[in-house]
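These protein sequences, in sequence, are chains G and C.
Just so we're aligned, residue 769 is where the first sequence starts under the working numbering, counting upward by one.
Just so we're aligned, residue 568 is where the second sequence starts under the working numbering, counting upward by one.
Using N, Cα and C, we set each Cβ at its ideal position, and we do this for glycine too.
Take a look at the structure below.
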Amino acid sequence: MTSTTDPQGAMRPAEPYMNPYLAGIGLGLVLLASFVIMGRGLGASGAFNATVAYLELKVVPQHLAANPYLSEYVGDGSSHPLKAWLVFEVLGVFVGALLSGLLAGRVRRTVEKGPRVSTRARLAAAFAGGSLMGFGAHLARGCTSGQALTGGALLNVGSWAFMMMVFAGAYAVARFFRWQWR
Amino acid sequence: MAMSAPFFKHGLFGEEASLIVAFAIGIGFGFFLERAGFGSARKLTAQFYLTDLAVFKVMFTAIVTAMLGVTYLGWMGFLDLSQVTLVPTHLWPQIGGGLILGVGFVIGGYCPGTSVAAMATGRVDAVLYALGV
C-alpha cells in the first residue's frame, strides 16, 4: 500500500488497516468522551497555533504583539502558552498514532509519494499544502478536527458548510495534483 | 438523573487534571486515526480520486456515532448540551476557509490532525507539512 523509499526499514509486513466503519465508531466514541468529560470536542490546528505563538514570543515578541490572532494563544501571560488543552491533546495524538503504528508494524521512516515523483517535489508540495491549510484554518477558525468532526457531530450549521467546502475545494483541484501519487 | 456532564464544566476536576484528560483523549484520537490508515497521505487523498472512500466512511461514522451519543445522553438528562462548547458560525469565513483547506489537503496530502499521526509513523513529508502549517 505505502511506497517506501527505504525497503530495508520494513521489519515485517504492515498489517492492513482497520475496517473504516469500526474505526469511525472508535473515533466517534473518543469524540463523545471528550464532549461528556470536557464539554468540548477535538482539535488540531489550535495546537499548531499555540506552538507558533510560543516560538514567536521567545524569538520575535514584537511580531507576535502585532498579530491579534496568535496573541490570543499566549493570553495575558499568566500561564504558559504550551500548557493548553489542545497542545496536550495533540501530544496524545502523536503517542496514540505511534502506539497503533507500532502494533501494526506500520512505523517506518519514509516520504510518501508516487514512484515517479522526486522526494524534493513531494516535500515542497507537502509544505505548500500545509501553508494553505494553516491559512484556511485561520480563516475558518478550525480544521478538519475542530470544525468538521466536532462541529459536524453537534450539527453546527457553519461546520457543515465548512465540511462541504473542504470536499468541494479538494475535488475541484484533485486532478491537478494526482502526479504526486503516480 | 441529575445533570452531571460535562464533568469538567461541573467542576469535577481542575485545569491541571484537564491536561491529563486531554492527553488521554488525544491518545484515543491518534490511535483510531492511525488504525483507519489516516497516517498515510496516499490513503487520505485516495478519497479525492475516488479510489478509496475510507475518509468518508470513517468521518461520517464518527460524526453519526458522536451525534447519536450526544443526543441520547442529552435526552436522558445526563449531558447538559448548553455546556458543550460550539464553534461560532461565521458562514463566509468558514466557506472560504473550507475551500482553501480542501485545496491544501489535496496538495499537502494531510490535514493538521492526520499530519501528527503521519509524523508519529515516520512520514518525513508530514514533518514538512506541519512546518507549513
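Subject >> Per-residue burial, valine 588(C) [other beta carbons within 10 Å of its own, 16 or more giving buried] >> reply: buried
**OP:** Just the C-alpha distance for leucine 825(G) and methionine 643(C), rounded to the nearest angstrom, thanks.
**Re:** 46 Å
**OP:** Would you please verify whether the beta carbon of alanine 633(C) is less than 7 Å from any beta carbon of chain G?
**Re:** Under the Cβ criterion of 7 Å, alanine 633(C) is counted among the residues facing chain G.
Original post:
Does the beta carbon of glycine 796(G) come closer than 7 Å to any beta carbon on chain C?
Top reply: yes
**OP:** Please confirm if alanine 584(C) has its CB atom under 7 Å from at least one CB of chain G.
**Re:** no
Original post:
Just curious, the alpha helix (DSSP H) that tryptophan 642(C) is in, first and last residue?
Top reply: 621 to 642
**OP:** Leaving out five residues on either side along the sequence, give the residues of the same chain with a beta carbon under 7 Å from the beta carbon of valine 858(G).
**Re:** Cβ-Cβ distances below 7 Å link valine 858(G) to Ala812 and Ala815 in the same chain, with the five nearest sequence neighbours on each side left out; the list follows chain order.
Subject >> Reduced DSSP category for threonine 688(C) - H, G, I as helix; E, B as strand; rest coil >> reply: coil
Original post:
Per DSSP, leucine 646(C) forms a beta bridge with which residues?
Top reply: Ala572(C)
Original post:
Contact between the region 614 to 630 of chain C and the region 682 to 695 of chain C: three or more CB pairs below 8 Å?
Top reply: Remark: fewer than three beta-carbon pairs, one from each stretch, lie closer than 8 Å, so the region 614 to 630 of chain C and the region 682 to 695 of chain C are not flagged as touching.
**OP:** Under 6 Å Cβ to Cβ from leucine 795(G), same chain only, skipping five residues before and after it: list those, please.
**Re:** none
**OP:** Could you name the residues of chain G that methionine 570(C) contacts, counting a contact when the two beta carbons are closer than 7 Å?
**Re:** Near methionine 570(C) there are no residues of chain G at all, since even the closest Cβ is about 12 Å away, more than 7 Å.
**OP:** Could you tell me whether the Cβ of threonine 688(C) comes closer than 7 Å to any Cβ of chain G?
**Re:** yes
Original post:
Hey, glycine 920(G) and methionine 931(G): beta-carbon distance below 7 Å or not?
Top reply: yes
Original post:
What is the rounded straight-line gap between the Cα of valine 934(G) and the Cα of histidine 831(G)?
Top reply: 30 Å
Subject >> Within-7 Å CB hit, glycine 641(C) to chain G >> reply: no
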